[in-house]
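Undergrad: In full-length UniProt numbering, the protein residues as written are 1 to 509.
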């Protein structure tokens, strides 16, 4: 009896429905799995049969997560087999993103109730993961992200992003962006004696979203009723700041929500959700929207009942997470996918359906998917000069620094704020009020004002090499990256080549 690889089973299967037979664990098709081969050798044929007849959830303890450094000379292979449930792929990708790993290549496939993912990962410098403590932590984190018999991680991921850990409260802000807005927000928090512990700020297409974690600066432990009343007052003041300019689109939709309820939501995912709910993917009425940085196409494979999504763009940190997160929150299921990077460019292809198993059914929906994916990629792109602040933390520090930016005519396009052991380690991307690059004289003036030892201009480090990439539609078609047959082309010869490169088959011929 020949054990077929899940991709072969899918290609050979007729019809659009799930496989009717129980899936098989492809021991023979995984090369260099190390622990998998040792496990298979220690079991008799009856034990193997029992394992193959059970679902992945029941054999989770039998190392369905494998981190392998032996197969590929340039990257670490991470293989994840699990039960196919909505949100599981996002959980695996989230773990890789949280550890700041770069996904150079990936293969995603599902067959019946199985989900099999293989990722080629490196650190941000393009090196294999040589630290055994890191690989062990990666494996444990991936195992923990997979569902047990009674857990529902996909439900947990949709909770609001408030949290309460030792008196911390998270503020969610969303609305129209304008010069000096961040300075006003931090000034309000200083005035109400809220100490900023961490913050994340994104801007895109004239909109802004932020998660700000604060600690109440008042001494003592106020009663729950007093704390709730105080939180509502902070919400009201921040809401007034966000609605400062009623002339801009969507000012009436500005929101400021303080929450102290525990939640398992991932901060980056919540940021995407806030901006998606604020409809930052829509074109502005002023017509000043910047062109998207990515090329996204969506087409239907009618015979198989899939919608094929192709993404081409410059590679950037957490790119795969941003795309998978958006598709998941739009309630699409990724059944199969291929991810590849070439130099500093990335190409991703996904075969998706709705939760009910149907493909994209209208032109309006197709355009919405394209716009939302382009927006998700653009949100992560960093515009402007990168300024790093590292100094002793104090109340009002962020208000003073952002006020200095404002006085020198700068706008913050993105910010990451963290505080550890009383030290503020903050990152700001700034442009002038017209959206142009900041001149060196302005940077020098700001640095002198804030402190030469505390604030510095940093050149963003990109480990990827820069190679030529097709820039026109004709070039993309000539290189196999565009046109109506790209999905079927990938499913043929390129699938075999990628399976071989990923160590899943012995020959690509």
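Just so you know, even glycine gets a beta-carbon here, dropped at the ideal spot from N, CA and C. Please read these numbers as outputs of a predicted model, since none were measured by experiment.
Quick one, are the C-beta atoms of residue 93 and residue 143 less than 8 Å apart?
TA: The answer is no: Cβ separation not under 8 Å.
Undergrad: Between 333, 126, 202, which lies nearest to residue 535 when the distance is taken from Cα to Cα?
TA: Outside the shown range of the chain, which is 1 to 509, sits residue 535, and nothing can be said about it.
Undergrad: Bridge partners of residue 106, per DSSP?
TA: DSSP, once it has assigned bridges, lists 119, 339 as partnering residue 106.
Undergrad: Can you name the residues that DSSP bridges to residue 350?
TA: In the DSSP output, where bridge partners are listed per residue, residue 350 has 309, 337.
Undergrad: I'd like to know whether the C-beta atoms of residue 175 and residue 208 end up nearer to each other than 8 Å.
TA: Result yes, Cβ atoms of residue 175 and residue 208 sit closer than 8 Å.
Undergrad: So is residue 569 buried or exposed if we call it buried at 16+ other beta carbons inside 10 Å?
TA: The requested residue 569 is not part of the displayed model; the chain covers only 1 to 509.
Undergrad: On the criterion of 16 or more Cβ atoms from any shown chain inside 10 Å, does residue 467 qualify as buried, or is it exposed?
TA: With a pLDDT of only 36 at residue 467, under 50, the local geometry of the prediction cannot be trusted, and no value is derived from it.
Undergrad: Might you give, ordered along the chain, the residues of its own chain that have their beta carbon closer than 6 Å to the beta carbon of residue 390, omitting 5 neighbours on each side?
TA: Only 425 meet the Cβ criterion.
Undergrad: Using only the alpha-carbon positions, how far apart do residue 216 and residue 403 sit?
TA: Their backbone Cα atoms lie some 22 Å apart in a straight line.
Undergrad: Between which two residues does the alpha helix (DSSP H) containing residue 134 stretch?
TA: 132-145 is the extent of the alpha helix (DSSP H) around residue 134.
Undergrad: In three-state DSSP terms, what is residue 408?
TA: Note: residue 408 maps to coil in three-state DSSP.
Undergrad: Excluding the 5 residues preceding and the 5 following residue 384 in the sequence, name in chain order all residues of the same chain whose CB lies nearer than 6 Å to its CB.
TA: Here the set comprises 413, 429, 430, 431.
Undergrad: Can the beta-carbon of residue 307 be found less than 8 Å from the beta-carbon of residue 353?
TA: In this structure, residue 353 lies closer than 8 Å to residue 307 by Cβ.
Undergrad: Could you pull out every unbroken beta strand (DSSP E) segment of at least 3 residues lying fully inside the UniProt domain "ACT" (386-464), listed in chain order?
TA: DSSP runs (the beta strand (DSSP E)) wholly in the UniProt domain "ACT" (386-464): 410-420, 423-432, 455-458.
Undergrad: Would residue 334 and residue 321 be called neighbours here (beta carbons separated by less than 8 Å)?
TA: No. Outside cutoff.
Undergrad: Using the beta-carbon count (16 or more within 10 Å), is residue 315 buried or exposed?
TA: Residue 315 should be labelled buried.
Undergrad: Tell me the DSSP bridge mates of residue 175?
TA: For residue 175, which the question treats as bridged, DSSP gives the partners 208.
Undergrad: Can you pull the DSSP bridge partners for residue 366?
TA: Per DSSP, none; premise fails for residue 366.
Undergrad: In three-state terms, what does DSSP make of residue 314?
TA: Here residue 314 sits in strand by DSSP.
Undergrad: Going by the DSSP bridge assignment, what does residue 294 pair with across the sheet?
TA: Per DSSP, 313.
Undergrad: Assign residue 420 to one of two classes, buried (16 or more other C-beta atoms within 10 Å of its C-beta) or exposed (fewer than that).
TA: By the neighbour-count rule (16 or more Cβ atoms within 10 Å), residue 420 is not buried but exposed.
Undergrad: In or out: residue 338 buried (at least 16 other Cβ within 10 Å) or exposed?
TA: When all chains shown are included, residue 338 counts as buried.
Undergrad: Is DSSP giving residue 82 helix, strand or coil here?
TA: If DSSP states are grouped into helix, strand and coil, residue 82 belongs with the strands.
Undergrad: On the CB-based measure, 16 or more other CB atoms within 10 Å of its CB, does residue 521 come out buried or exposed?
TA: It is not possible to answer for residue 521, since the shown part of the chain is limited to 1 through 509.
Undergrad: Counting Cβ pairs closer than 8 Å, one from the segment 368-384 and one from the segment 269-278, do we hit at least three?
TA: Yes, the segment 368-384 is in contact with the segment 269-278.
Undergrad: Tell me whether the segment 95-115 and the segment 77-84 touch, counting them as touching only if at least three CB pairs, one residue from each stretch, are closer than 8 Å.
TA: As far as the Cβ criterion goes, the segment 95-115 touches the segment 77-84, which means the pair count is three or higher.
Undergrad: What distance in whole Å lies between the Cβ atoms of residue 138 and residue 90, which are believed to be in contact at a cut-off of 8 Å?
TA: Contact doesn't hold; Cβ gap of about 17 Å is too wide.
Undergrad: I'd like the span of the alpha helix (DSSP H) that includes residue 71, first residue to last.
TA: Here residue 71 belongs to no alpha helix (DSSP H), and DSSP marks it neither H nor E.
Undergrad: Compute the distance between the beta-carbons of residue 95 and residue 133, then report whether it is under 8 Å.
TA: Taking 8 Å as the Cβ cut-off, residue 95 and residue 133 do not qualify as a contacting pair.
Undergrad: Over the uninterrupted alpha helix (DSSP H) stretch that includes residue 324, give me the two end residues.
TA: From DSSP, the alpha helix (DSSP H) with residue 324 extends over 319-329.
Undergrad: Look up residue 300 in the DSSP assignment and give the residues it is bridged to.
TA: Per DSSP, 307.
Undergrad: For residue 171, verify whether its CB is less than 7 Å away from any heavy atom of the ligand MG.
TA: In terms of ligand content, the structure shown is empty, and the ligand MG therefore cannot be addressed.
Undergrad: Looking only at C-alpha atoms, which of 136, 188, 291 sits nearest to residue 239?
TA: Ranking the options by Cα distance to residue 239, first place goes to 188.
Undergrad: Look at the alpha carbon of residue 237 and the alpha carbon of residue 257, and state the distance between them as a whole number of angstroms.
TA: Their backbone Cα atoms lie some 11 Å apart in a straight line.
Undergrad: Ignore the nearest five residues each way along the sequence and tell me which others in residue 192's own chain have a CB closer than 6 Å to its CB.
TA: 234, listed in sequence order.
Undergrad: Determine the contact status of residue 129 and residue 69, defining contact as a CB-CB distance below 8 Å.
TA: In this structure, residue 69 lies closer than 8 Å to residue 129 by Cβ.
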